[in-house]
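Written below as structure tokens is the structure these notes are about.
Protein chains: 2
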Amino acid sequence: MDRTTKHNKAMAKQKAAVDEGIAKADIDRGVSVLLTGDGKGKTSSAFGMVMRALGYGQRVGIVQFIKGEQASGEELFVREQLPTVTLYQMGTGFTWDTQDREGDISAAKRTWAQAKGMLNDDQYDLVVLDELTYMLAFDYLPEAEVIAAITGRPTSQSVILTGRGGGQALREAVDTVSEVKEIKHAYRAGIRARQGVDY
Amino acid sequence: MDRTTKHNKAMAKQKAAVDEGIAKADIDRGVSVLLTGDGKGKTSSAFGMVMRALGYGQRVGIVQFIKGEQASGEELFVREQLPTVTLYQMGTGFTWDTQDREGDISAAKRTWAQAKGMLNDDQYDLVVLDELTYMLAFDYLPEAEVIAAITGRPTSQSVILTGRGGGQALREAVDTVSEVKEIKHAYRAGIRARQGVDY
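These protein sequence lines are chains A and B, in that order.
According to the working numbering, the first sequence is numbered sequentially starting from 1.
According to the working numbering, the second sequence is numbered sequentially starting from 1.
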């Protein structure tokens with residue numbers, strides 16, 4: 001069998017497997033996705049899905065639980081060019097910058113109230129809770145309440161959660177979990193974080 | 001030591017480590033990033049970086065090497081709302097749909113010519129080559145030429161590559177590699193791909 005015939009046969013087999021998978025997946029509802037792990041690409045992936053949702057004219061809400069002092073590219077873009085998107089930021093900077101546990105906790109609770117409102121509102125097709133996992137890891141928010149709000153959201157709504165860790169209970173509660181592993185990072189070779197890529 | 005003091009000390013230590021890392025990373029240039037692995041979030045992450053770059057008014061070029069027949073949300077958004085972004089799509093559908101190796105190879109070459117043009121043009125701050133890795137895995141494009149064009153691009157330009165696999169030579173040639181691992185996927189529980197999240 002020559003290479004072309006072999007390739008075409010392999011592709012036909014793959015197509016059959018893909019088609020079978022598609023036929024089986026017939027539950028139609030919003031999904032919950034956790035993007036975790038230590039590698040680059042979790043927050044950016046969430047914002048890529050924001051773009052996807054907007055392509056279909058969907059209503060999007062974003063809550064960012066940790067953010068640096070500098071405005072990121074995605075923040076600038078959302079604020080200046082996406083007037084239909086609701087963006088709420090905790091706005092206390094990275095926690096290892098503040099070293100103020102009590103202050104962080106009240107900021108986390110204030111921010112969670114915004115997130116809970118979105119998870120309760122079926123006007124939102126897509127809700128992004130960026131860096132939420134750290135709030136659970138630091139015990140700033142009660143895990144059971146967070147998980148209940150996520151699983152109890154409107155059926156039509158999808159939710160994207162990002163951040164390292166996240167815990168077993170959260171992983172079990174969501175539909176999709178991707179772990180982004182750092183294989184290597186420019187940073188370790190002395191290259192500065194790059195505008196438009198890293199922030 | 002009470003919990004707050006302990007936490008604040010741990011955060012101070014983490015801040016010191018982060019600050020030291022930032023001080024050491026002093027090379028200022030565009031970066032190359034490979035997003036690979038079998039998990040959800042590679043293409044969406046690339047489009048999130050497109051949003052980041054646009055937040056700073058950067059010039060962006062996107063080449064998509066594989067695409068389904070249906071327009072994706074990100075495609076609709078780029079075409080309708082991002083007139084400054086150059087988007088080129090191979091437009092032959094998934095290869096396991098076509099089963100036409102010869103036709104795929106000429107489409108890949110035509111598409112690569114567009115990508116090469118962008119990698120040669122310092123007007124582009126960010127170039128996304130979506131699903132490029134499959135072109136190498138299927139031997140549709142010569143690996144050495146692709147790697148040479150990526151490493152030889154303008155110093156100020158960043159490039160994002162996506163797709164499963166990608167090979168050792170490509171991993172070594174780029175600055176950052178993230179492997180997105182599927183821990184679980186809604187699809188396997190019978191849930192249909194969701195508009196605004198999966199496409």
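Each residue gets a CB set at the ideal place from its N, CA and C atoms; glycine is no exception.
*On the three-state DSSP scale, how would you describe A/Y199?*
In the three-state scheme derived from DSSP, where H, G and I count as helix and E and B as strand, A/Y199 is classed as coil.
*Exposure label - B/K13; buried when at least 16 CB within 10 Å*: The residue in question, B/K13, is exposed, as its Cβ has fewer than 16 Cβ neighbours within 10 Å.
*Can you name the start and end residues of the beta strand (DSSP E) that B/S158 belongs to?*
Run containing B/S158: 158-162, per the beta strand (DSSP E) assignment.
*Compare the beta carbon distance of A/V33 and A/V174 with 8 angstroms and say whether it is the shorter of the two.*
Yes. Within cutoff.
*Among B/A107, B/K6, B/E20, which has the Cα closest to the Cα of A/Y187?*
The shortest C-alpha separation from A/Y187 is found at B/E20.
*Same chain, Cβ closer than 6 angstroms to B/T123, neighbours up to 5 away in sequence not counted*: Correcting the residue identity first, residue 123 of chain B is Gln in this sequence and not Thr. For B/Q123, where only same-chain residues beyond five positions count, the Cβ hits under 6 angstroms are R59.
*asked:* My parser needs the beta strand (DSSP E) runs of 3 or more residues fully inside the stretch 42-119 of chain B; what are they?
replied: You should have 60-64, 86-89.
*Is A/K40 helix, strand or coil when you go by DSSP?*
In the structure shown, the three-state DSSP call for A/K40 is coil.
_Own chain residues within Cβ distance below 7 angstroms of A/G165, not counting five before or after_ = Sequence-distant partners of A/G165 (beyond 5 residues in either direction) whose C-beta falls short of 7 angstroms from its own C-beta, in its chain, are T36, T133, A137.
*Which residues of chain A have a Cβ atom closer than 8 angstroms to the Cβ of B/E143, listed in chain order?*
Result: empty, since nearest Cβ-Cβ is about 17 angstroms, beyond 8 angstroms.
*In this structure, what does DSSP give as the bridge partners for A/T155?*
Per DSSP, A/T155 has no beta-bridge partner at all.
*Starting from B/E172, follow the alpha helix (DSSP H) in both directions and report where the run begins and ends.*
Annotation for B/E172: the continuous alpha helix (DSSP H) segment containing it runs 167-173.
_Does B/L141 come out as helix, strand or coil in the three-state DSSP assignment?_
Reduced to three states, the DSSP call for B/L141 is coil.
_Within the continuous alpha helix (DSSP H) that includes B/I183, where are the two ends?_
Looking at the DSSP string, B/I183 is not in any alpha helix (DSSP H); the run it does join, the beta strand (DSSP E), is 176-184.
*How big is the Cα-Cα spacing for B/A25 and A/H185?*
Near 11 angstroms, if we compare the C-alpha coordinates of A/H185 and B/A25.
*In whole angstroms, what separates the C-alpha of B/V197 from that of B/D2?*
Roughly 43 angstroms between the two C-alpha positions.
_Give me, in chain order, the residues of the same chain whose beta-carbon lies closer than 6 angstroms to that of B/K67; leave out the 5 immediate sequence neighbours on both sides._
Within the same chain, Cβ atoms closer than 6 angstroms to the Cβ of B/K67 are found at Q89, the five residues on either side in sequence being excluded.
_Cβ pair A/S45, B/S45 closer than 8 angstroms_ = Going by C-beta atoms, A/S45 is nearer than 8 angstroms to B/S45.
*Please list the partners that B/Y199 has in chain A, where partner means a Cβ-to-Cβ separation under 9 angstroms.*
Here the neighbours are R52.
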